[in-house]
Amino acid sequence: MQTPIPITNNAQWRKSTWSDQGENCVEVWRDSQVAAVRDSKNTAGPMLNLPVSALVNLLGIVAE
-15 MQTPIPITNN AQWRKSTWSD QGENCVEVWR DSQVAAVRDS KNTAGPMLNL
35 PVSALVNLLG IVAE
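The sequence shown begins at -15 in our numbering and counts up one residue at a time.
So, in structure tokens, the structure goes:
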């Protein structure tokens, strides 16, 4: 079992500046070691949780 990511209600989620006026995009939260990605339209829904290093690798692949 994995340890839950400690995301609080006042966590600072970020959206891309390329998003569609804040709609139809993903939001990212991170601290020094872990990151979470969620759908901006369903913020109470499931999140993708991963190490920050994996998020950096994923973003590098997507940007190509």
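Using N, Cα and C, we set each Cβ at its ideal position, and we do this for glycine too.
Mind checking whether the beta-carbon of residue i lies closer than 6 angstroms to any heavy atom of the ligand MN?
i	result
A(-5)	Among the components modelled here there is no ligand, and therefore nothing to report on the ligand MN.
Where residue i and residue j are concerned, what is the direct C-alpha to C-alpha distance, given to the nearest angstrom?
i	j	result
I11	S24	Residue 11 is actually Glu in this sequence, not Ile. So the alpha carbons of these two residues sit roughly 6 angstroms apart.
T27	V21	10 angstroms
V36	D15	8 angstroms
M31	E48	24 angstroms
A38	A19	9 angstroms
Near residue i, what residues of its chain come up, given a Cβ to Cβ distance below 8 angstroms and the 5 sequence neighbours on each side ignored?
i	result
S3	C9, S24
From the DSSP output, read off the bridge partner residues of residue i.
i	result
L34	A19
K(-1)	E11
Tell me which same chain residues have a C-beta within less than 7 angstroms of the C-beta of residue i, skipping the five on either side of it?
i	result
L17	Just to set this straight, residue 17 is Gln in the shown sequence, not Leu. Cβ within range, chain order: P35, V36.
G29	R22, D23
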